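Residue numbers (the working numbering), protein chains in the order written: chain A, 1 to 254; chain B, 1001 to 1283. What follows is a set of notes on a single structure, which appears directly below.
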Amino acid sequence: MSVTRGPLPPPTRAEYCVIACADAWRGAGEILASPMGLIPSLGARLARLTFAPDLLLTDGEALLVRPDGTPEGWLPYRQHLTLVAGGRRHVMMGASQIDRYGNQNISCIGDWTRPRRQLLGVRGAPLNTLNNPTSYWIPRHSRRVFVERVDMVCGVGYDRAAELGSTARFHRIPRVVSDLGVFDFATPDRSMRLASLHPGVGVEQVREATGFALAVPDEVPYTREPTAKELRLIREELDPGGARAREVPEGARG
Amino acid sequence: MSDKTMTADEVVSRLRSGMTLGIGGWGSRRKPMALVRALLRSGIDDLTVVSYGGPEVGMLAAAGRIRKLVTAFVTLDSVPLEPHYRAARERGDFELTEVDEGMFLWGLHAAANRLPFLPVRAGVGSDVMRVNPGLRTVASPYEDGETFVAMPALRTDAALVHVNRADRLGNGQCLGPDPYFDDLFCEAADTAYVSCERLVDTAELTKQAAPQSLLLKRLSVTGVVEAPNGAHFTSCAPDYGRDEEFQQQYTATPWPEFAERFLGADEEAYRSAVRAWRREREQ
């Protein structure tokens, strides 16, 4: 008996975000993918299941696991921190604030000595950014996040890295993914550039939601379409419950 | 060989106001909560707390016991921001030494190795340097000449950790998948107090578990406390997971009210207050 599948519903914004996150690990080889947050996690697992089969993934605790959850290795936190120093890892962190050079803040809002809002703390951002590729995922692109100046530099950006000489020789911020588009630092002064728009988003909308002058090329491509296989994996295997739509709701914005 | 077993109150009787305490676990995972609760029942304050912070930091901060905190984060994991910690920090109740997770680890290694510091490629370029003006850098003496942060040793007066099993001599066993940094906390401390889910005979330790699970060596342990459910409400794999419902209750309750209702006169009073709370919810 053959099952005839109907045409797939078109990709949602959340699904474009998953694709944009997954592509961060394209060509990464046999390294650890460390996604923080739901959509980066879906992206990392999608990459592992498709175009980046050599990636290593964790269960969020001390085990390295295959996409089906089968353990294949042991990575307690102390080894994880040592692995960061060894560089065989690409992490995608969150950011409460990020500036045009990719300086990131997750520590606090306001003056550090007496913060208006205490957040997580610097966590591993200073270590990550000087030792392995560090990308960022921002589920709600706004001027509150994309700011002129971050209140506490946790993750080191390109302007500060440039002052560090050989100490920053492993510094790299491959991409920033938000619910509006993908951004990189492929500009002469390493300031943030609009690399692609998620379908349905316009350049002006991104400019308005960004608190600094963003580099925008003359021609901005759209974030690539997921393949039919990728869409089926996201919808049927990786996130059948649709949690991704809670992180990036459909139709909430343009 | 000496029997190191003692009660949580005996541990606290050996601690003093003004001490530097290292606390094991990570976030809301395998925290020595029974020992922390005993500490909270005492009048000990003015503490310097060194921890990958979880609810123990929130409680000690809310209770006004912390003079200075050394940490990379404070979180309840499933609840990303620790509300009692946040409130105390936003009030400016204590001094903070905020360092990166890796810097913290190298600080523990330096202390355990009796080194004044260890070089680490983390911190430079970030505002960790701005908010810790005492941090120094060190240049590689070899051809590369790279500059590192010289992370100072995180030496402590006492360490508090919680593990799954221990014997009376202080050999401690971690049966869960992640030892966190508990052995380093003990080695970095002048005295180390270990609570455990169950006290067992030495021979029992390796009957069913691999020798690698023997995380703590008795030479770095001062006292052992049997404290069943002693990490509650944080997780203690494989004995139990985090008590998410009770953690929610903790986050939603003003500290004085929480302390009044749950802290009680001793650990048995705490357990019975938690049981009563659970019965109430189930009705």
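Just so you know, even glycine gets a beta-carbon here, dropped at the ideal spot from N, CA and C. Here the structure is a predicted model, which means the values were calculated and not measured.
With H, G and I counted as helix, E and B as strand and the rest as coil, what does DSSP make of residue i?
i	result
serine 1126(B)	coil
alanine 1034(B)	helix
glycine 73(A)	strand
tryptophan 1106(B)	helix
valine 262(A)	Examination of residue 262(A) is not possible in this model, given that chain A is present from 1 through 254 alone.
cysteine 1174(B)	coil
glutamate 1143(B)	coil
glutamine 118(A)	strand
methionine 1(A)	In this prediction, methionine 1(A) has a pLDDT of 48, which is less than 50 and means its spatial position is unreliable; nothing more can be read from the coordinates.
arginine 1136(B)	strand
isoleucine 19(A)	helix
alanine 1072(B)	coil
glutamate 61(A)	coil
phenylalanine 1233(B)	coil
methionine 1006(B)	coil
In angstroms, rounded to a whole number, what distance separates the CA positions of residue i and residue j?
i	j	result
leucine 197(A)	threonine 1020(B)	51 Å
serine 144(A)	glutamine 97(A)	This sequence places arginine at residue 144(A); serine is not what is there. Computed Cα separation, rounded: 7 Å.
histidine 141(A)	alanine 213(A)	14 Å
methionine 1(A)	alanine 215(A)	Low local confidence applies: a pLDDT of 48 at methionine 1(A) is under 50, so the model's placement there is unreliable, and no value is given.
arginine 114(A)	alanine 1088(B)	10 Å
leucine 1153(B)	valine 122(A)	A quick correction: the sequence has alanine, not leucine, at residue 1153(B). Distance between the alpha carbons of alanine 1153(B) and valine 122(A): 19 Å.
isoleucine 1023(B)	threonine 1048(B)	11 Å
cysteine 108(A)	arginine 117(A)	6 Å
serine 1002(B)	aspartate 1157(B)	21 Å
glycine 1107(B)	phenylalanine 1117(B)	7 Å
cysteine 1263(B)	leucine 1160(B)	The sequence shown places leucine at residue 1263(B), rather than the cysteine named in the question. Cα to Cα, the separation comes out at about 18 Å.
valine 18(A)	glycine 43(A)	5 Å
leucine 1105(B)	glutamate 1187(B)	13 Å
arginine 1091(B)	histidine 171(A)	36 Å
glutamine 1283(B)	tryptophan 1277(B)	10 Å
glutamate 184(A)	isoleucine 173(A)	Checking the sequence, you will find aspartate at residue 184(A) rather than glutamate. Going from the Cα of aspartate 184(A) to the Cα of isoleucine 173(A) covers about 8 Å.
valine 182(A)	arginine 1279(B)	50 Å
valine 1274(B)	threonine 82(A)	39 Å
asparagine 1113(B)	glutamine 79(A)	18 Å
asparagine 1164(B)	glycine 1241(B)	13 Å
proline 199(A)	aspartate 59(A)	32 Å
Could you check where the alpha helix (DSSP H) with residue i kicks off and where it finishes?
i	result
proline 1256(B)	1255-1258
leucine 1216(B)	Run containing leucine 1216(B): none in the alpha helix (DSSP H); it sits in the beta strand (DSSP E), 1214-1216.
valine 147(A)	First-last for valine 147(A): undefined, no H or E at that position.
asparagine 131(A)	125-131
arginine 193(A)	It is not in any alpha helix (DSSP H) - arginine 193(A) instead sits in the beta strand (DSSP E) that spans 193-197.
tyrosine 1250(B)	1244-1252
tyrosine 158(A)	158-162
glycine 43(A)	38-49
threonine 1202(B)	1202-1205
leucine 1184(B)	1182-1187
glutamate 250(A)	Taken as a continuous stretch (DSSP letters only), glutamate 250(A) belongs to no alpha helix (DSSP H), as it is neither H nor E.
glutamate 1282(B)	1267-1282
Starting from residue i and walking both ways along the beta strand (DSSP E), at which residues does that stretch end?
i	result
glycine 181(A)	181-184
histidine 1084(B)	Counting along the chain, histidine 1084(B) falls outside any beta strand (DSSP E), though it belongs to the alpha helix (DSSP H) covering 1083-1090.
serine 166(A)	Taken as a continuous stretch (DSSP letters only), serine 166(A) belongs to no beta strand (DSSP E), as it is neither H nor E.
methionine 1059(B)	Where methionine 1059(B) is concerned, there is no enclosing beta strand (DSSP E), although the alpha helix (DSSP H) it sits in stretches over 1055-1062.
arginine 246(A)	First-last for arginine 246(A): 244-247, but that is the alpha helix (DSSP H), not the beta strand (DSSP E).
tryptophan 137(A)	134-138
valine 177(A)	176-178
arginine 1165(B)	1156-1166
arginine 89(A)	89-93
Quiz item: For the stretch 1245-1274 of chain B, which residues have a beta carbon sitting closer than 9 Å to at least one beta carbon of chain A?
Solution: Per Cβ criterion, the list is empty.
Exercise. May I ask you to list, following chain order, the residues of the stretch 1160-1185 of chain B that have a beta carbon less than 9 Å from some beta carbon of chain A?
Key: Gly1176, Pro1177, Asp1178, Pro1179, Tyr1180, Phe1181, Leu1184: these are the residues of the stretch 1160-1185 of chain B whose beta carbon lies less than 9 Å from some beta carbon of chain A, given in chain order.
Exercise. Could you please tell me which residues of the stretch 1061-1072 of chain B, in chain order, have their CB closer than 8 Å to any CB of chain A?
Key: Per Cβ criterion, the list reads Thr1071, Ala1072.
Quiz item: Which residues, in order along the stretch 110-143 of chain A, keep a beta-carbon less than 8 Å from a beta-carbon of chain B?
Solution: The residues in question are Trp112, Thr113, Arg114, Pro115, Arg116, Arg117, Gln118, Leu119, Leu120, Gly121, Val122, Arg123, Gly124, Ala125, Pro126, Leu127, Thr129, Leu130, Asn131.
Quiz item: Between the stretch 1120-1137 of chain B and chain A, which residues of the former have a C-beta closer than 7 Å to a C-beta of the latter?
Solution: Listed in sequence order: Arg1121, Ala1122, Gly1123, Val1124, Gly1125, Ser1126, Asp1127, Val1128, Val1131.
Quiz item: Okay, do the stretch 1185-1193 of chain B and the stretch 1205-1225 of chain B touch, 3+ Cβ pairs below 8 Å being the bar?
Solution: The answer is yes - the stretch 1205-1225 of chain B touches the stretch 1185-1193 of chain B, with three or more Cβ pairs under 8 Å.
Exercise. Mind the definition here: the stretch 1042-1060 of chain B touches the stretch 99-108 of chain A only if three or more C-beta pairs lie below 8 Å; say whether that holds.
Key: Not touching, per the Cβ criterion.
Quiz item: Would the stretch 20-40 of chain A and the stretch 55-62 of chain A be scored as touching if the rule is three or more Cβ pairs under 8 Å?
Solution: Because the criterion of three Cβ pairs below 8 Å is met, the stretch 20-40 of chain A and the stretch 55-62 of chain A touch.
Practice problem: Give the residues from the stretch 65-77 of chain A that approach chain B closer than 8 Å (Cβ to any Cβ), ordered along the chain. | Solution: The stretch 65-77 of chain A vs chain B, Cβ under 8 Å: Trp74, Pro76, Tyr77.
Practice problem: For the stretch 151-181 of chain A, enumerate the residues whose C-beta is nearer than 9 Å to any C-beta of chain B, in chain order. | Solution: From the stretch 151-181 of chain A, only Asp151, Met152, Val153, Cys154, Gly155, Val156, Gly157, Arg160, Ala161, Glu163, Leu164, Gly165, Ser166, Thr167, Ala168, Arg169, Phe170, His171 have a Cβ closer than 9 Å to chain B.
Exercise. Report yes or no: do the stretch 1194-1207 of chain B and the stretch 1062-1074 of chain B share at least 3 C-beta pairs separated by less than 8 Å?
Key: No: fewer than three Cβ pairs fall under 8 Å.
Exercise. Could you please tell me which residues of the stretch 1073-1092 of chain B, in chain order, have their CB closer than 8 Å to any CB of chain A?
Key: Of all residues in the stretch 1073-1092 of chain B, those with a C-beta nearer than 8 Å to a C-beta of chain A are Phe1073, Val1074, Thr1075, Pro1080, Leu1081, Tyr1085, Arg1086, Arg1089, Glu1090, Gly1092, reading in chain order.
Quiz item: Does the stretch 1027-1034 of chain B come close enough to the stretch 1231-1239 of chain B that 3 or more CB-CB pairs lie under 8 Å?
Solution: Output reads yes: the stretch 1027-1034 of chain B touches the stretch 1231-1239 of chain B.
Quiz item: Is the number of C-beta pairs between the stretch 1207-1219 of chain B and the stretch 1005-1018 of chain B that are closer than 8 Å three or more?
Solution: No, the stretch 1207-1219 of chain B does not touch the stretch 1005-1018 of chain B.
Quiz item: Which residues, in chain order, does the stretch 85-99 of chain A contribute to contact with chain B at a C-beta distance below 7 Å?
Solution: Cβ proximity to chain B below 7 Å picks out Ala85 from the stretch 85-99 of chain A.
Practice problem: Using a Cβ-Cβ cut-off of less than 8 Å, list which residues of the stretch 1136-1151 of chain B approach chain A; keep chain order. | Solution: Residues Asp1144, Gly1145, Glu1146, Thr1147, Phe1148.
Self-check item: contact_flag[the stretch 6-24 of chain A, the stretch 1131-1146 of chain B] where n(CB pairs < 8 Å) is 3 or more
Solution: Judged by Cβ distances under 8 Å, the stretch 6-24 of chain A makes no contact with the stretch 1131-1146 of chain B, as fewer than three pairs qualify.
Exercise. Taking a Cβ distance cut-off of 8 Å, strictly less, list which residues of the stretch 1091-1113 of chain B are near chain A, in chain order.
Key: From the stretch 1091-1113 of chain B, only Gly1092, Glu1098, Val1099, Asp1100, Glu1101, Gly1102, Met1103, Leu1105 have a Cβ closer than 8 Å to chain A.
Self-check item: Positions along the stretch 47-66 of chain A whose CB lies within less than 8 Å of some CB in chain B
Solution: Cβ contacts with chain B: Glu61, Ala62, Leu63.
Quiz prompt | Inter-stretch contact (C-beta, 8 Å, three-pair minimum) for the stretch 1121-1137 of chain B and the stretch 224-244 of chain A | solution = Judged by Cβ distances under 8 Å, the stretch 1121-1137 of chain B makes no contact with the stretch 224-244 of chain A, as fewer than three pairs qualify.
Quiz item: If contact means a Cβ-Cβ distance below 9 Å, which residues of the stretch 1010-1030 of chain B contact chain A?
Solution: Residues passing the 9 Å Cβ filter: Trp1026, Arg1029.
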